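Top line first, the protein sequences correspond to chains A and B. Numbering-wise, full-length UniProt numbering puts 32 at position 32 of the first sequence, and it's gapless, one number per residue. Numbering-wise, full-length UniProt numbering puts 95 at position 95 of the second sequence, and it's gapless, one number per residue. Shown next, in structure tokens, is the structure this report addresses.
Protein chains: 2
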Amino acid sequence: MTDNDPVIASFKRWVAMPVVTARCPVRDVLDRLGEKWTTLMIMALADGPKRFSELRRAVPDISKRSLTLALRNLEEDGIITRHVFPTNPPAVEYRLAPLGATMLEPLAGMIAWAERHHPEIQAARDRRRKELAAEV
Amino acid sequence: MTDNDPVIASFKRWVAMPVVTARCPVRDVLDRLGEKWTTLMIMALADGPKRFSELRRAVPDISKRSLTLALRNLEEDGIITRHVFPTNPPAVEYRLAPLGATMLEPLAGMIAWAERHHPEIQAARDRRRKELAAEV
DNA sequence: CGGGATCCCGCGGGATACTG
DNA sequence: CAGTATCCCGCGGGATCCCG
């Protein structure tokens with residue numbers, strides 16, 4: 001589309017390494033992003049802190065267990081912080097740490113791409129499905 | 001860091017939906033990106049087409065089976081294309097489709113972020129590990 | 001309310017062997 | 001070389017119950 005040379009150049013470095021062996025920084029971070037819920041958590045916290053139950057409502061189809069684990073991992077990585085208010089019943093607030101906030105921009109790029117190109121992906125999948133149906 | 005208001009605004013839209021129910025476009029794409037090898041494949045193909053065996057060498061710790069599956073999925077989504085040369089032995093070339101090429105830019109953003117902030121993440125993890133060791 | 005502890009199941013994905 | 005076909009195991013993650 002546009003001239004991607006600088007972008008491609010940035011990839012060449014990785015591709016030449018000879019690529020991305022098991023424990024490289026990039027794969028480390030990418031794996032964490034692959035963990036099904038982490039990305040959604042960051043998105044849900046983008047517009048400000050939320051409590052545990054608010055996060056559950058924000059992402060309805062997550063189990064308490066998985067929500068807890070996802071939040072713990074993100075906290076461990078310094079992406080979010082966790083504040084316990086010693087009220088009764090307890091209230092716990094999660095918010096993006098400064099490090100987490102810096103993720104929003106690249107993440108927004110991916111989201112925007114997903115939103116823009118999802119129709120094309122769907123079309124490609126439908127095409128493929130038709131082909132499969134036809135050749136039987 | 002910088003003023004993130006426009007970025008945050010883009011998230012608010014999703015967070016308000018009330019968020020990202022099970023089969024929304026964004027999660028659809030994000031799930032695919034989570035599939036452990038797909039992102040690496042796109043990276044490996046960024047600087048030009050590659051053959052099956054070249055991809056194996058580029059990402060040494062992937063099994064043939066998983067490589068095949070990852071490539072099939074990406075092809076199904078219209079991200080890459082697959083060309084078979086009827087030589088003997090056969091040669092198969094994979095390359096980014098136009099749709100796939102448009103992914104490089106947002107993906108490069110994530111890669112750059114990962115590269116830049118990985119030290120901070122490691123530091124946070126190490127800190128956490130020390131705390132755990134201390135409280136025993 | 002915000003978890004922890006257990007149990008349990010599915011499937012992602014590795015290892016191996018075979019094929020055109 | 002570029003796959004397919006099987007087999008099999010681990011663990012991600014849901015469901016359920018409990019607790020301060």
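Positions of the beta carbon are idealized from the N, C-alpha and C atoms, including for glycine. Just so it is clear, the structure is predicted and the values come from calculations on it, not from any experiment.
Residue interval of the alpha helix (DSSP H) (run including residue i)
{"i": "B:Val29", "result": "Pro25 to Gly34"}
Helix, strand or coil at residue i according to DSSP, with G and I counted as helix
{"i": "A:Val59", "result": "coil"}
{"i": "B:Ile42", "result": "helix"}
{"i": "B:Pro18", "result": "Interpretation of B:Pro18 is limited by its pLDDT of 49, a score under 50 that renders its predicted location unreliable; the figure taken from the coordinates is listed afterwards. Looking at B:Pro18 - three-state DSSP - the assignment turns out to be coil, as it is neither helix nor strand."}
{"i": "A:His117", "result": "helix"}
Residues that DSSP places opposite residue i in a beta bridge
{"i": "A:Leu96", "result": "A:Ile80"}
{"i": "B:Lys50", "result": "B:Tyr94"}
{"i": "B:Phe11", "result": "Per DSSP, none; premise fails for B:Phe11."}
Through-space distance from residue j to residue i, alpha-carbon basis
{"i": "B:Asp5", "j": "B:Arg56", "result": "42 angstroms"}
{"i": "B:Met110", "j": "A:Glu76", "result": "20 angstroms"}
{"i": "A:Ala91", "j": "A:Glu35", "result": "26 angstroms"}
{"i": "B:Ala133", "j": "A:Ala133", "result": "58 angstroms"}
{"i": "A:Pro18", "j": "B:Arg51", "result": "The pLDDT assigned to A:Pro18 is 49, lower than 50, so where the model puts this residue is not dependable, and the model offers no usable value."}
{"i": "B:Asp31", "j": "A:Leu33", "result": "10 angstroms"}
{"i": "B:Pro89", "j": "B:Glu54", "result": "15 angstroms"}
{"i": "A:Arg127", "j": "A:Glu115", "result": "20 angstroms"}
{"i": "A:Arg125", "j": "A:Gly48", "result": "36 angstroms"}
{"i": "B:Phe85", "j": "B:Cys24", "result": "38 angstroms"}
{"i": "A:Leu104", "j": "B:Pro98", "result": "26 angstroms"}
{"i": "A:Phe11", "j": "A:Thr87", "result": "50 angstroms"}
{"i": "B:Leu69", "j": "B:Ile62", "result": "11 angstroms"}
{"i": "B:Lys130", "j": "B:Ala123", "result": "11 angstroms"}
{"i": "A:His83", "j": "B:Ala44", "result": "41 angstroms"}
{"i": "B:Ala108", "j": "B:Leu40", "result": "12 angstroms"}
{"i": "B:Glu93", "j": "A:Glu93", "result": "50 angstroms"}
Short Cβ contact (9 angstroms threshold) for residue i with residue j
{"i": "A:Val29", "j": "B:His117", "result": "yes"}
{"i": "B:Arg65", "j": "B:Thr81", "result": "no"}
{"i": "B:Gly78", "j": "B:Ile42", "result": "no"}
{"i": "A:Ala46", "j": "B:Ile8", "result": "yes"}
{"i": "B:Val59", "j": "B:Leu67", "result": "yes"}
{"i": "B:Pro119", "j": "A:Trp113", "result": "no"}
{"i": "B:Leu74", "j": "B:Thr38", "result": "yes"}
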